[in-house]
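Counting in our numbering, the sequence shown runs from 20 upward without gaps. Yeah, the Cβ is synthetic: ideal placement off N, Cα and C, and Gly gets one too. As the structure is a prediction and not an experimental result, all values here were calculated from the model. Input: a single structure, listed below in structure tokens.
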Amino acid sequence: MCKIGRARSDRAPLRERRALLCACQTQRLSRPVMTEGGEGAEFEVSAVVRAVLGESRNAVTLHSMVKESSFTYVMTFAEGKDAESVMSSLPTEAPEWMETFAEAWQAASDKIMPGFIAKRCAVWAGADEKPGTPPTTSKPVKKTAWSGGGALAMAPSAASGDEALAEMMAGLVVSDHDVPKAIDDIQKQGISGARILALSLALMSGHVHPMGDSAELRYASDLRLCPLIRQQRKAGVLSLDDVVKAKNKRDLFLHYTRLAKEYNDRRMIEEATLVSQFWAETSAAFEGDDAGLFVYVTEWNRTYGGRGIPKLLDTDLILRHRKHVDGGASSSEVKEMKEALKVAKAAVTASDDRSSAILKRLQKLEAATPGGGLSDKTCFICGGNHLARNCPSKDGGKSDPSSKSNGKGKKTTFEKKEETKEESD
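Here it is, written out as structure tokens:
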């Protein structure tokens with residue numbers, strides 16, 4: 020490293036470090052290197068670096084942004100008197116190139132490296148296979164028992180010719196019927212099975228945890244019930260499930276953005292990219308539709324829980340649950356409404372039948388009554404067609420001994436009661 024970079028690289032802010040890197044590049048590019056023959060021919064280190072970064076490896080080339088940021092960064096330590104010596108000062112192994120790309124990108128930009136660019140860098144460096152060419156195995160997969168939980172994990176053996184996938188599946192607790200799904204998720208996300216489980220736990224809790232906290236978790240399981248999330252809930256720390264139930268968009272935004280930042284601070288570029296892209300695409304798809312956002316996140320967690328982020332945006336889930344958000348009823352609700360409507364119709368029909376019967380009865384009574392009045396009334400005093408209270412002979416009936424109103428019957432009854440009482444004494 021040049022003197023300027025060596026003097027202030029440790030304590031200078033990020034923007035100052037970028038300026039220092041540019042100064043170092045200018046200083047190195049302006050310095051000619053003499054060949055061994057001493058004939059005065061100038062040799063440019065930058066030409067070798069640009070040639071290396073511009074070449075095609077594994078049928079892919081680096082993204083232009085990666086070339087520029089990596090060129091500035093690599094020129095801070097590339098040196099040599101000829102092309103061979105310069106090549107020896109550059110990274111050689113795939114992990115070294117990936118670390119160089121990540122550091123160069125972070126030094127040149129405050130943003131996270133997009134996932135497709137990171138994938139291309141991995142293919143170029145030889146750390147990953149070419150996209151679109153899934154691995155093929157000539158032999159069936161071999162069952163190996165995981166040492167911790169006793170569950171069987173299906174992992175391709177090394178003899179099958181797929182050592183990379185076998186290494187990424189190592190230590191993953193997965194059921195037999197979920198093995199194809201796990202292999203597909205590993206290929207899509209570009210991280211190992213253990214890191215997928217750690218990412219799933221981080222998505223639910225909102226924080227990055229050590230790999231040991233997720234080592235005993237089962238692939239594609241409901242992490243809301245795992246011990247760590249239970250302890251977190253008892254401590255009053257909100258998990259993703261609690262945030263979604265509260266339907267607070269700000270808390271949901273902070274949940275994903277803080278997690279992406281925490282991954283970025285730990286230099287876990289793949290996880291940081293997945294989390295940031297998932298939230299960016301999800302929030303963009305439900306712009307201005309908060310209710311739909313919470314319904315989608317809930318269903319997404321039920322579908323892909325314990326599997327990391329295998330799909331950034333599931334359009335099938337959006338179309339399937341969009342009608343609930345727009346005010347429409349689900350199939351079960353429609354069925355209940357139909358049953359209630361049938362009951363209401365039956366009740367209305369019965370009421371109409373009763374009303375019709377009452378109306379017909381009234382019509383018959385009116386037809387049977389002369390003049391449309393009520394039926395004939397018989398006076399018990401004189402037997403006339405009037406009420407007893409309106410009887411003209413009511414007063415005369417009281418003085419008539421033969422009349423019913425003389426109280427003779429009552430007196431006889433009273434006398435009989437007295438005779439009965441005397442006999443009992």
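Three-state secondary structure (DSSP) of residue i
| i | result |
| --- | --- |
| V79 | strand |
| L393 | Low confidence applies here, because L393 scores a pLDDT of 46, under 50, leaving its location unreliable and the question unanswered by this model. |
| V68 | helix |
| R286 | coil |
| R326 | coil |
| V192 | strand |
Chain-order list of residues whose beta-carbon lies under 6 Å from that of residue i (same chain, five-residue window excluded)
| i | result |
| --- | --- |
| E55 | Because the pLDDT of E55 is 42, which lies under 50, any placement of that residue in the model is unreliable, and the number read from its coordinates should be weighed accordingly. Closer than 6 Å at the Cβ level, and outside the excluded window around E55, lies no residue. |
| V453 | Residue 453 cannot be examined here, being either before or after the span of the chain that is shown, 20 to 444. |
| A217 | M230, S233 |
| D241 | G324 |
Cα-Cα separation between residue i and residue j, rounded to whole angstroms
| i | j | result |
| --- | --- | --- |
| L292 | A365 | Looking at the sequence itself, residue 292 is Thr, so the reference to Leu does not match. Each residue's Cα considered, the two are about 60 Å apart. |
| M473 | R286 | Since the first residue shown for the chain is 20 and the last is 444, residue 473 is missing from the structure and cannot be characterised. |
| L336 | L312 | 11 Å |
| E87 | R237 | 42 Å |
| A113 | K354 | 59 Å |
| A363 | D372 | 14 Å |
| V85 | M356 | 59 Å |
| F96 | W124 | 16 Å |
| K268 | A254 | 22 Å |
| H196 | I205 | 16 Å |
| L332 | K100 | 51 Å |
| R243 | A213 | 18 Å |
| I248 | F135 | 32 Å |
| G209 | R326 | 13 Å |
| H82 | Q250 | 44 Å |
| I400 | L384 | 26 Å |
| S412 | L406 | 12 Å |
| L263 | T317 | According to the sequence displayed, residue 263 carries Val and not Leu. In a straight line, the C-alpha of V263 is about 7 Å away from that of T317. |
| M223 | M187 | 23 Å |
| K207 | S107 | 34 Å |
| D203 | K138 | 16 Å |
| E300 | K361 | 45 Å |
| I328 | Y282 | 14 Å |
Other residues of its chain near residue i: CB distance less than 8 Å, five sequence neighbours each side excluded
| i | result |
| --- | --- |
| E306 | none |
| G403 | T397, C410 |
| T119 | S89, Y92, V93, P110 |
| T334 | none |
| D309 | K266, K268 |
| W298 | F272, Y275, T276, A279 |
| K149 | With a pLDDT of 48 at K149, under the threshold of 50, the predicted position of this residue should be treated as unreliable, though the coordinate-derived value follows. The answer, listed in chain order, is N77, A78, V79, V142. |
| I377 | none |
Residue nearest to residue i in terms of C-alpha spacing, selected from the options
| i | options | result |
| --- | --- | --- |
| A234 | F272, L271, V192 | V192 |
| K330 | K357, I215, S240, C401 | I215 |
| T80 | G99, V142, E358, K130 | V142 |
| G145 | A303, E115, R69, E300 | E115 |
| K280 | D241, G225, A376 | G225 |
| Q296 | S83, M132, L247 | M132 |
| E98 | S65, K130, L360, R252 | S65 |
| S211 | A386, A304, E290 | E290 |
| R339 | E358, S302, V314, A359 | V314 |
| L455 | R69, R380, K200, A221 | The requested residue 455 is not part of the displayed model; the chain covers only 20 to 444. |
beta-carbon residue i near the ligand NAP non-hydrogen atom, thresh 8 Å
| i | result |
| --- | --- |
| K364 | Judged by which ligands are present, the structure shown has none, so any question about the ligand NAP falls away. |
Within-9 Å CB hit, residue i to chain D
| i | result |
| --- | --- |
| H405 | In summary, chain D is missing from the structure at hand, where a single protein chain is found. |
Contact set for residue i: own chain, Cβ-Cβ below 7 Å, skip 5 residues either direction
| i | result |
| --- | --- |
| C140 | L81, V85, M117, F120 |
| E182 | none |
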